[in-house]
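Note that our numbering has the sequence shown beginning at 43, numbered continuously upward. Cβ atoms here follow ideal geometry from the backbone N, Cα and C, with glycine treated the same way.
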Amino acid sequence: AQVVTKKRPEGHSGDHIGLGTLTHWRPPFETTKTTKPPGVPAGLIARTTREGIRVTWVGSVEPDSCVDAQSYTVYRSTDSSGPYQKVATQISSPGYHDTNANSGTLYFYTITASNAVGTSASSAKLAASSGLPGGFMSMDVGKVGLPGYSEFNGQTFTMEGEGHDVGGTDDSFHFAYAPMTGDGTITARVVRPMSSQWTKPGVMMRETLAADSRHASVLLLPHWSGALVTRSKKGGETTTNKARHLGEKHVIKKNRLSTPYWLRLIRFRNRFTGYMSADGYNWKDLGSVEIPMAQTFYVGLPACSQLNKVTTTVTYDHVSIPTWRTPPSDGNEDLIAARPEPRWHKTPWFERHRAFNARVKKGNVDLLMIGDSITHWWDKEGESGGKKIWDQYYAKRNAVNLAISGDRTEHVLWRLENGNIDGISPKLAILMIGTNNHSSSPPEVTARDIRLIVGKLRIKLPKTTILVLGIFPRGGNDDDTARQKNMKVNKLICNIGDEDRMIHYRDIGATFLDGRRMKPDLIPDGTHPNQKGYAAWAEAMEPIVSKLLGETNPVAK
């Protein structure tokens, strides 16, 4: 107290406004006798180690005498609501190393403190994961003065990293990353605050983990502008494309980010397109760049301080990559695979999506077909499409085609969440989706996404019967890699209707095969039916469609 008295009033600087001893002090107590239980443990921090999870906290004291707690007890659960199991007792100092944590599992910890009088209430819950989720790993890229680290608590990635820059001919930063193949998107929200205005947070697609690798990144730059930052060849110079300022309401005195900010990077073939958004709904285009990048590469989150031997801390949430998505806060982990995503870079896609919304607002919809180009081409005129067959079988049934060419499961899910089926109650919805996922998702993820789409249909259309079709065969024969993946997806979803009488499954793929080989007179390009193929599809599907619609007379050939 004497030191505090002599120190007051405390000085200030640009980074320290004079709190601390000015407001947080008390006169000393003479007694060392404890009359109450210790205070509740606070300030819990978790760090991943090679052996598990290390949890530390601020030591508790008896509130009157300030005598330290005699011991601590640690409780752990895999569910935030419990039950919590006692995993350590009689801990004498404020720290515990949990070496029995399973890698990739999210745990919740709570601590109590005890003395001779009694035991405190439980601390606030701390979420911590032993290692990173969803195939993520972390490492320092390039030469750094201080090692970085990455943590995940079930909702956010917290990263600490040094590094001279993501720029020039080589990079230096800490990277949380996962392998990725083919086309896809990474989205993340940068959560304030960060420890330096020189920090370069963002989202990144990187050909290799070498410092001079090709990469495309959407980064928040010093003094808070967003830009698509790229290196188009190994060891080449870095280019900053089309930087856009975040706006004054998102920045404090040009030095601190004052609000969270969203970033997105899309790869479509070798074209990389960047976006940024203040709210996650309205996105600003940061331009596109062509980079000849390998089909298998790395996608992830950087932390770069741009300060020598000084780290920065960055926190990301709402992270989404093609094979993983941050779990929603309600704990429904099935949604990890859902990644609802529009095709931001495709104007015709949005135009068709909006046209669907306008059509369903008119009502009078009894039958829906939902899918990708295979279903979309029911609208196609002539011998190469199915319009003539559609008019014969479905036009009089008040059918609406909700398919868009090129869609994957995440695109369909986004459309269903954003107006395509609002305000209607059709008798039947037919879904076939997933053939375009073969280059971006393993079959297990595609199958989970299909189940999530069906779940979304059941929630939004509770009176509608759902018919799920197995993904049609593609390629010349069943040695085709894409066909093999589709076959595995079909095997994983074939029981989708076992526990719900409103959901039915049919695999009519054999219609298009002669043994193992595709019938070229029905699907000449190996993927899309021609008019004859659409006729074969309609004929094969008609008995179940007629039955599910409650009709007595199926449509004749």
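Check                                                                                                                                                                          : Outcome
Just verifying my parser: in three-state terms, what is the DSSP assignment at Gln337?                                                                                         : coil
With distances taken between CB atoms, is the gap from Leu410 to Ile472 smaller than 8 Å?                                                                                      : yes
Quick check: the segment 173-190 against the segment 217-225, are there 3 or more CB pairs under 8 Å?                                                                          : yes
Let's test the definition: count the other Cβ atoms within 10 Å of the Cβ of Ser162 and tell me whether it reaches 16, buried, or not, exposed.                                : buried
Going by beta carbon distance, what residues of the same chain come within less than 8 Å of Leu251, once the five residues before and after it are set aside?                  : Met181, Val183, Phe217, Tyr219, Tyr340
Among Trp432, Glu486, Ser122, which one has its Cα closest to the Cα of Glu581?                                                                                                : Trp432
Residue range of the alpha helix (DSSP H) that Ser415 falls in?                                                                                                                : 415-418
For Ile501, count neighbouring C-beta atoms within 10 Å of its own C-beta (all shown protein chains included) and say buried if the count is 16 or more, exposed if not.       : exposed
Work out the CA separation of Leu494 and Ala380 for me, nearest whole Å.                                                                                                       : Its pLDDT being 40, under 50, Ala380 is placed unreliably by the model, and nothing is read from it.
Drop a sphere of 10 angstroms on the beta-carbon of Ala397, count the other beta-carbons inside from all chains shown, and report buried for 16 or more, exposed for fewer.    : exposed
In chain order, what residues of the same chain lie with their CB nearer than 6 Å to the CB of Leu591, ignoring the 5 residues before and after it?                            : Lys469, Leu470
With respect to the beta strand (DSSP E) encompassing Arg256, which residues constitute its N-terminal and C-terminal limits?                                                  : No beta strand (DSSP E) holds Arg256; DSSP gives it neither H nor E.
Have a look at Glu375 and Lys185 and give me their C-alpha separation to the nearest angstrom.                                                                                 : Unreliable placement is indicated for Glu375, whose pLDDT of 39 sits below 50; the coordinate value is still reported in the next sentence. When rounded, the distance between both Cα atoms is 37 Å.
Give the secondary structure of Ala170 by DSSP, where H, G and I count as helix, E and B as strand, and everything else as coil.                                               : strand
For the beta strand (DSSP E) containing Gln127, list its first residue and its last residue.                                                                                   : 127-133
Report the three-state DSSP secondary structure of Val402 (helix, strand or coil).                                                                                             : helix
Between the beta-carbon of Asp140 and the beta-carbon of Gly173, is there less than 8 Å?                                                                                       : no
From the DSSP output, read off the bridge partner residues of His216.                                                                                                          : Asp182, Ala345
In terms of DSSP beta bridges, what is Val271 paired with?                                                                                                                     : Ser259, Thr282
Could you spell out the range, first to last residue, of the beta strand (DSSP E) harbouring Gly137?                                                                           : 137-140
Where does Ser481 fall in DSSP's three states?                                                                                                                                 : helix
What is the residue span of the beta strand (DSSP E) that His546 lies within?                                                                                                  : 545-548
Measure the C-alpha to C-alpha separation of Asn519 and Met560 and round it to an integer number of angstroms.                                                                 : 6 Å
Going by DSSP, what residue range makes up the alpha helix (DSSP H) through Asp542?                                                                                            : Run containing Asp542: none; DSSP gives neither H nor E here.
Of the residues Ile508, Pro515, Gln434, Tyr151, which one's Cα is nearest the Cα of Gly539?                                                                                    : Ile508
Does Leu305 come out as helix, strand or coil in the three-state DSSP assignment?                                                                                              : strand
Checking 8 Å against the spacing of the C-beta atoms, do His21 and Asn443 come in under that value?                                                                            : This structure cannot speak to residue 21, because the chain is shown only from 43 to 599.
Give me, in chain order, the residues of the same chain whose beta-carbon lies closer than 7 Å to that of Lys530; leave out the 5 immediate sequence neighbours on both sides. : Pro485
If contact is defined by three or more beta carbon pairs under 8 Å, each pair taking one atom from either stretch, is the segment 137-156 in contact with the segment 299-306? : no
By alpha-carbon positions, which one of Ala130, Thr147, Leu168, Arg96 ends up nearest to Ile85?                                                                                : Looking at the sequence shown, residue 85 is not Ile but Gly. Of the listed residues, the one whose Cα sits closest to Gly85 is Leu168.
On the premise that Asp449 lies in contact with Asn478, defined as a C-beta separation below 8 Å, what is that separation, rounded to the nearest angstrom?                    : 7 Å
Within the chosen definition, does the segment 151-166 reach the segment 201-210 through at least 3 CB pairs nearer than 8 Å?                                                  : no
Taking only the alpha-carbon atoms, compute the straight-line gap between Ile586 and Arg548 and give it to the nearest angstrom.                                               : 9 Å
Which of helix, strand or coil does DSSP assign to Ser426?                                                                                                                     : coil
Please list, in chain order, all residues of the same chain as Ala441 whose beta carbon is under 6 Å from its beta carbon, the five residues on each side excluded.            : Leu409
Please check the pair Leu263 and Ala230, which I expect to be a contact at CB under 8 Å, by giving their CB distance rounded to whole angstroms.                               : Actually they do not touch by this definition, with Cβ atoms about 16 Å apart.
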